[in-house]
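Enquirer: Numbering (my numbering), first residue to last: 1 to 127.
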């Protein structure tokens with residue numbers, strides 16, 4: 001089996017406004033982001049405890065936060081598409097899985113989301 005490496009981000013509450021809601025609609029309390037970034041195992045299995053040896057995900061998270069807050073979005077899908085373009089701008093990212101969900105959905109319960117998986121060729125086409 002080949003070595004693999006993934007950076008996993010879970011349950012990040014992002015500050016975004018998505019959708020249009022009527023007076024009787026359930027308005028989400030939160031939008032949660034999960035992100036799986038496939039990177040080179042050489043950026044995880046390192047010989048020195050040095051930030052220069054790893055993928056620094058903090059700038060990507062900051063860019064995602066800026067993108068999420070930049071405008072009102074009609075759909076989760078459009079925001080995910082923007083996040084995909086951001087991920088593609090990082091050559092160290094070989095593949096990505098993005099999941100964005102809102103909660104609650106009905107009666108104060110549930111979550112509803114969209115998931116996008118992009119492989120290396122998909123990211124290359126975005127670059």
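C-beta: ideal position from N, C-alpha, C; glycine also. Model, not experiment: these values are computed from the prediction.
#1: Roughly how many angstroms separate the alpha carbons of residue 73 and residue 105, rounded to a whole number?
#2: List in chain order: all unbroken beta strand (DSSP E) runs of 3+ residues lying wholly within the region 20-60.
#3: Apart from the five residues on each side of it in sequence, which residues of its chain come closer than 6 Å, Cβ to Cβ, to residue 115?
#4: For residue 81 and residue 97, what's the separation of their Cα atoms in angstroms?
#5: If you draw a straight line from the C-alpha of residue 13 to the C-alpha of residue 26, how long is it?
#6: Kindly indicate the opening and closing residues of the beta strand (DSSP E) around residue 14.
#7: Since residue 97 is in the beta strand (DSSP E), which residue starts that stretch and which ends it?
#8: Which term fits residue 46, buried or exposed, when burial requires 16 or more other beta carbons within 10 angstroms of its beta carbon?
#9: Can you tell me whether residue 115 is helix, strand or coil according to DSSP?
#10: Is residue 73 helix, strand or coil when you go by DSSP?
Expert: This is what the structure holds:
#1: Position 73 of the chain shown, counting from 1, holds the residue named residue 73. Position 105 of the chain shown, counting from 1, holds the residue named residue 105. Straight-line Cα distance between these residues: approximately 18 Å.
#2: 30-39
#3: As a position in the chain shown, residue 115 is number 115, starting the count at 1. So the list reads 99, once near-sequence residues are dropped.
#4: Your numbering for residue 81 matches position 81 in the chain shown. Your numbering for residue 97 matches position 97 in the chain shown. Approximately 11 Å, taken between the alpha carbons.
#5: Against the chain shown, residue 13 aligns to sequence position 13. Against the chain shown, residue 26 aligns to sequence position 26. Approximately 18 Å between the Cα atoms of the pair.
#6: By 1-based counting over the chain shown, the position of residue 14 is 14. Judged by DSSP secondary structure, residue 14 falls within the beta strand (DSSP E) whose first and last residues are 5-14.
#7: Within the chain shown, residue 97 is the residue found at index 97, counting from 1. First-last of the beta strand (DSSP E) with residue 97: 95-103.
#8: Taking the chain shown and counting its residues from 1, one reaches residue 46 at position 46. That one is exposed.
#9: In the chain shown, the residue the question calls residue 115 occupies position 115. In the structure shown, residue 115 sits in a strand (DSSP, three-state: E or B).
#10: Counting from 1 along the chain shown, the entry for residue 73 is found at position 73. In the structure shown, residue 73 sits in a strand (DSSP, three-state: E or B).
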